[in-house]
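K.L.:
In my numbering, the protein residues as written are 1045 to 1385.
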């Protein structure tokens, strides 16, 4: 299955309608797209990956010093086998996932601002930085800033694609919960084979509005297509992957779907080392933003399918399921696609 490639530079060159139509088509048909012309320089990506590699190569005891104080705090280190993403779909008894991760949010939050001071979910908690490597903090922050820029630009394009006034989505994302998760999947020759049906990252949809993903150009990521089958996705050179989250599905009344995806282990007959890296930037909306069906996405023949929610309430319910290994109670946007698991 082809994942459309969209050149964001054409938006900046004035081809707004063309780009918006291409985005609308990709979001309707696949829910994933590849974006080039995004403006993130290769040296920013390389520096981020190098620093992350150094962190993940540290002894486990050193990495565990960066574990957050509570599973609801979306910061710091997550060790391999401590999460199971399929729980976010309400799936009971999912097997632990075979990844480790490091999470950050914005590093310059003004906590004297009443909006951030009143945050009831700790979405803007301070980052948990390890002592080493020293380059990790500046390298991840530099990439975070650029990925945030791309995500916000995409919301500008989304507004046009959905028939809304330019900038209509801005009040929902101008103080957005934003998290970046650096994922590290590594199998060493001495590792035991995974359990039956165990994934590197279990099947899930993303939770918020839009995800901007760097991924190594190696197999592993799979998405569910319109044919209800799993399809491999490997990005083209220089592209970032973009996919939608549950809140966008609710906003658009499933005109745009939150695509079910997973990361599968390497083939069982390949017992050598296998490394895959990805870096997901999640733009999840202002925590107090009310998300309800857009007027351009409903009609008397197509009434709203979802009850209104707030971005913060939905996100917290989704986060806690995988981290406490309990079925999430958040609104389900997967529907009958769950039988593809």
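All residues carry an ideal CB built from backbone N, CA and C; glycine is no exception.
For residue 1102, which three-state DSSP category applies?
P.N.:
Here the question's residue 1102 lines up with position 58 in the chain shown. Residue 1102: coil per DSSP, three-state reduction.
K.L.:
The beta strand (DSSP E) spanning residue 1266 covers which residue range?
P.N.:
Within the chain shown, the letter at position 222 stands for residue 1266. Residue 1266 -> beta strand (DSSP E) spans 1265-1268.
K.L.:
Quick test of your reading: residue 1188 and residue 1100, contact by CB under 8 Å. State the CB separation rounded to the nearest angstrom.
P.N.:
If you number the chain shown from 1, residue 1188 lands on position 144. If you number the chain shown from 1, residue 1100 lands on position 56. Not a contact, Cβ separation roughly 18 Å.
K.L.:
Closest to residue 1145 by C-alpha separation, out of 1108, 1289, 1090, 1288, would be which residue?
P.N.:
Residue mapping note: residue 1145 aligns to position 101 of the chain shown, counting from 1. Minimum Cα distance to residue 1145 is reached at 1108.
K.L.:
Per DSSP, which residues does residue 1274 bridge with? Please list them.
P.N.:
For the purposes of this step, residue 1274 is taken as residue 230 along the chain shown, with counting starting at 1. In the DSSP output, where bridge partners are listed per residue, residue 1274 has 1268.
K.L.:
Tell me residue 1306's beta-bridge partners as DSSP assigns them.
P.N.:
Taking the chain shown and counting its residues from 1, the one referred to as residue 1306 is at position 262. Paired residues: 1266.
K.L.:
What span of residues does the beta strand (DSSP E) with residue 1222 cover, start to end?
P.N.:
One-based indexing of the chain shown puts residue 1222 at position 178. Its beta strand (DSSP E) spans residues 1222-1231.
K.L.:
Check whether the segment 1163-1174 touches the segment 1284-1295, counting contact only when three or more Cβ pairs, one atom from each stretch, lie closer than 8 Å.
P.N.:
No, they do not touch.
K.L.:
Taking buried to mean at least 16 other C-beta atoms within 10 Å of its own C-beta, is residue 1056 buried or exposed?
P.N.:
Counting from one through the chain shown, the residue named residue 1056 turns up at place 12. Residue 1056 is exposed by the Cβ-count criterion.
K.L.:
Helix, strand or coil for residue 1122, going by three-state DSSP, please let me know.
P.N.:
The sequence position of residue 1122 within the chain shown is 78, counting from 1. Residue 1122: strand per DSSP, three-state reduction.
K.L.:
Which value, in whole angstroms, describes the spacing of the CA atoms of residue 1117 and residue 1353?
P.N.:
Sequence index remark: in the chain shown, residue 1117 carries index 73 (1-based). Sequence index remark: in the chain shown, residue 1353 carries index 309 (1-based). Between residue 1117 and residue 1353, the C-alpha separation is close to 21 Å.
K.L.:
If you pair each beta-carbon of the segment 1268-1285 with each one of the segment 1326-1333, do three or more pairs fall below 8 Å?
P.N.:
No, they do not touch.
K.L.:
Can you look up residue 1246 in the DSSP assignment and give me helix, strand or coil?
P.N.:
In the chain shown, the residue the question calls residue 1246 occupies position 202. If DSSP states are grouped into helix, strand and coil, residue 1246 belongs with the strands.
K.L.:
Round the Cβ separation of residue 1134 and residue 1372 to the nearest angstrom and send it over; I've been treating them as touching at under 8 Å.
P.N.:
Taking the first residue of the chain shown as position 1, residue 1134 is located at position 90. Taking the first residue of the chain shown as position 1, residue 1372 is located at position 328. Confirmed, Cβ separation roughly 6 Å.
K.L.:
Of the residues 1102, 1298, 1198, 1121, which one's Cα is nearest the Cα of residue 1227?
P.N.:
Along the chain shown, one-based indexing puts residue 1227 at 183. For the residues 1102, 1298, 1198, 1121, the minimum Cα distance to residue 1227 belongs to 1121.
K.L.:
CB residue 1229 to CB residue 1320, shorter than 8 Å?
P.N.:
Position 185 of the chain shown holds residue 1229. Position 276 of the chain shown holds residue 1320. Yes, the pair counts as a contact, with Cβ atoms nearer than the cut-off.
K.L.:
Assuming residue 1254 and residue 1292 form a contact by the criterion Cβ under 8 Å, report the distance between their Cβ atoms to the nearest whole angstrom.
P.N.:
Here residue 1254 refers to the residue found at position 210 of the chain shown. Here residue 1292 refers to the residue found at position 248 of the chain shown. About 7 Å; that satisfies the 8 Å criterion.
K.L.:
With a threshold of 8 Å between beta carbons, is residue 1143 in contact with chain C?
P.N.:
No chain C is part of this structure, which consists of one protein chain only.
K.L.:
Do residue 1243 and residue 1180 have their CB atoms nearer than 8 Å?
P.N.:
The sequence position of residue 1243 within the chain shown is 199, counting from 1. The sequence position of residue 1180 within the chain shown is 136, counting from 1. For residue 1243 and residue 1180, no; Cβs fall outside 8 Å.
K.L.:
Nearest to residue 1250 by alpha carbon, out of 1359, 1236, 1110?
P.N.:
For the purposes of this step, residue 1250 is taken as residue 206 along the chain shown, with counting starting at 1. Answer by Cα proximity: 1359.
K.L.:
Could you check if residue 1346 is buried or exposed, using at least 16 other CB atoms within 10 Å of its CB as the buried criterion?
P.N.:
The residue labelled residue 1346 in the question sits at position 302 within the chain shown. Exposed.
K.L.:
When you compare only the Cα positions, how much space is there between residue 1234 and residue 1309?
P.N.:
Along the chain shown, read from residue 1 onward, the residue named residue 1234 stands at position 190. Along the chain shown, read from residue 1 onward, the residue named residue 1309 stands at position 265. Spanning the two alpha carbons is a distance of roughly 15 Å.
K.L.:
Touch check for the segment 1056-1067 and the segment 1202-1210: three-plus C-beta pairs under 8 Å?
P.N.:
Segments in contact, yes.
K.L.:
Specify, as a first and last residue, the run of the alpha helix (DSSP H) that residue 1070 falls within.
P.N.:
The residue given as residue 1070 occupies position 26 in the chain shown. Note, residue 1070: alpha helix (DSSP H), 1060-1073.
K.L.:
Pick from 1098, 1333, 1158: whose alpha carbon is nearest that of residue 1218?
P.N.:
Here the question's residue 1218 lines up with position 174 in the chain shown. Among 1098, 1333, 1158, the Cα nearest to that of residue 1218 is on 1333.
K.L.:
Could you check which residue in 1355, 1050, 1045 has the C-alpha nearest to that of residue 1201?
P.N.:
In the chain shown, residue 1201 corresponds to position 157, counting from 1. Nearest option by C-alpha distance: 1050.
K.L.:
Excluding sequence positions up to five away, which residues of its chain have a Cβ less than 6 Å from the Cβ of residue 1139?
P.N.:
The residue labelled residue 1139 in the question sits at position 95 within the chain shown. Excluding residues within five positions, the ones whose Cβ falls inside 6 Å are 1239, 1242.
K.L.:
Looking at the strands, I want to know which residues DSSP matches up with residue 1051.
P.N.:
For the purposes of this step, residue 1051 is taken as the residue at position 7 of the chain shown. 1080.
K.L.:
Would you call residue 1307 buried or exposed, if buried means 16 or more other Cβ atoms sit within 10 Å of its Cβ?
P.N.:
Your numbering for residue 1307 matches position 263 in the chain shown. That one is buried.
K.L.:
Ignore the nearest five residues each way along the sequence and tell me which others in residue 1173's own chain have a CB closer than 6 Å to its CB.
P.N.:
For this step, residue 1173 is matched to residue 129 along the chain shown. Answer for residue 1173: 1181, listed in chain order.
K.L.:
Taking all protein chains shown into account, decide if residue 1052 is buried (16 or more other Cβ within 10 angstroms of its Cβ) or exposed.
P.N.:
Within the chain shown, residue 1052 is the residue found at index 8, counting from 1. It is buried - the Cβ of residue 1052 has at least 16 other Cβ atoms within 10 Å.
K.L.:
Is it buried or exposed, residue 1296, if we count other Cβ atoms within 10 angstroms and call 16 or more buried?
P.N.:
As a position in the chain shown, residue 1296 is number 252, starting the count at 1. The residue is buried, with at least 16 neighbouring Cβ atoms inside 10 Å.
K.L.:
Could you check which residue in 1061, 1177, 1131 has the C-alpha nearest to that of residue 1110?
P.N.:
What you label residue 1110 is simply residue 66 of the chain shown in a count that begins at 1. Among 1061, 1177, 1131, the Cα nearest to that of residue 1110 is on 1177.
K.L.:
Could you give the C-beta distance for residue 1282 and residue 1047, rounded to a whole number, given that I count them as a contact under 8 Å?
P.N.:
Counting from one through the chain shown, the residue named residue 1282 turns up at place 238. Counting from one through the chain shown, the residue named residue 1047 turns up at place 3. Wrong, their Cβ atoms sit about 14 Å apart, outside the cutoff.
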